Amino acid sequence: MAGCVLRCLSCGRVYELSDRVWRCSCGGVLDVVCEERALEPDPGKRGVWRYWRALPPTGPPVSLGEGGTPVVEREHGGLKVLFKLEYLSPTGSFKDRGSAVAVSHLRSIGVDTVVVDSSGNAGASMAAYASAAGLRCRVYVPRAAPLYKKLQIAAYGAELVEAENREAATLRAQSCKEGFYAGHLWNSFFVEGCATLAFEVYEEHGVPDVVVLPVGSGTLLLGMYKGFRLLAESGLAGGVPRFYAVQAENNAPLYREIHGREYPALSGEVVADGIAVPNPPRLRQVASAVRESGGGVVVVRNDEIPGALRGLARMGFFVEPTSAVVLPALEKLRAEGLLDAGERVLIPLTGSGLKAAEKVAKLLGLA
């Protein structure tokens, strides 16, 4: 890997990878930029670190066996759907890809205490990898975060701090002076880790026509888009899939960014808590990726989620409400003629239902 730096997407200022910065002095988000990348996988490795040559330098990897998740193919309404089972990751969500790379980098630059904010999954993931790396970790979560996610964070040995809501958790984490803020919404190495999902899918299945995925902060979409774009720019792949971002009715900032108006929500309840991110810092970057891919944004109503959970469970997939939003989104895209018969659609199932079992049980009328 040659010539990698951190570059501000707002003002263009450049930082070294070894600089302990989580955002630019102008307030902008940072992105990893490399002069060149070697995209050939390492045949002696599996999972995320199989693609270490394509990643920026991170020092010795911190790994819990992340990546290498299975793909299950299903025919669905004339489409070939590739379900990527990211909920089988070590801590139960795709976030492990980002955490593995982010924590490896943080350890390499001498960080000893990691501070993050999260609705649950990223906090649990960063707590696990910090623990594996021998680092201290403090996680700020909204008080309403699912119980099992909070228990998981605490079980890994992290200090769990509850805040009034998601915004308060972010503010408290960013102002904490007792460690380095590494919130996944801002951390560019976290995005890099998510790019390995694209590399993995390409190596095993080629480039899908479409990707449909839940979007809150947008790190998974940005990572996957970056990965497929790198493959296309290198000449290995023929193009980039169309990305359709799925959001919930009462938290749809990407819809607002792309369409210039608020989505008319029918309910103020937060059901898909994992994508309840009202002001994601990379919003413009996510919108740009969606537009450049030729995709769009789909908004799902709260009352569509129970049926989606049930439908996925009948296929054998037990996922959390945030992951389930992809199923009604897929139906809407079909109904609107945005998917052609025979197209291959990649759907990452992002988080395990076991992490929100109480909520899933209530939504399915089982409790």
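Residue numbers for the sequence shown follow our numbering, beginning at 2 and rising by one. Ideal Cβ placement from N, Cα and C applies to all residues, glycine included. A quick note: this is a predicted structure, and the numbers were derived from the prediction, not measured.
In the DSSP assignment, E205 falls within the alpha helix (DSSP H) that extends over S189 to H206. Within a 10 Å sphere around the beta-carbon of E74 sit fewer than 16 other beta-carbons, which makes this residue exposed. Per DSSP, the beta-bridge partners of K85 are V72 and P349. Unbroken beta strand (DSSP E) runs of no fewer than 3 residues, entirely contained in the segment 320 to 367, are found at 345 to 350, following chain order.
In this structure the segment 153 to 167 touches the segment 114 to 125; the number of beta carbon pairs closer than 8 Å is three or more. Only residues of its own chain outside the window of five on either side were considered, and among them A128, C138 and V140 have a CB closer than 6 Å to the CB of A159, listed in chain order. Nearest to V247 by C-alpha distance, out of V291, R285, L232 and L186, is V291. Between G184 and the set L334, E344, G219 and V34, the nearest pair of CA atoms involves G219. Shown here for V112: same chain residues with a beta carbon closer than 8 Å to its own, the five before and five after excluded, namely R21, L136, G180, F181 and A183 in chain order.
Here T70 is near E87, since their CB atoms are less than 8 Å apart.
At a Cβ-Cβ threshold of 8 Å, S105 and G60 count as neighbours. Under the DSSP definition of a beta bridge, R139 partners with V116 and E160. The continuous alpha helix (DSSP H) containing G312 extends over residues I306 to M316. Under the three-state reduction of DSSP output, L7 falls in the strand class. Shown here, E36 sits in a strand according to DSSP, grouped into three states.
At a Cβ-Cβ threshold of 8 Å, L198 and M225 count as neighbours. Runs of beta strand (DSSP E) with 3 or more residues, each lying fully within the segment 229 to 295, are found at 243 to 249, listed in chain order. The beta carbon of C12 lies closer than 8 Å to those of C25, C27 and G29 in the same chain, with the five residues before and after it left out. For C9, the closest alpha carbon among the candidates Q286, S294 and L365 is that of Q286. Distance from K85 to V202 at the Cβ level is roughly 7 Å; contact confirmed, criterion being Cβ atoms closer than 8 Å.
When secondary structure is reduced to three states using DSSP, G124 falls in the helix class. The way I'd put it, the segment 255 to 266 doesn't touch the segment 145 to 156; fewer than three beta-carbon pairs between them come closer than 8 Å.
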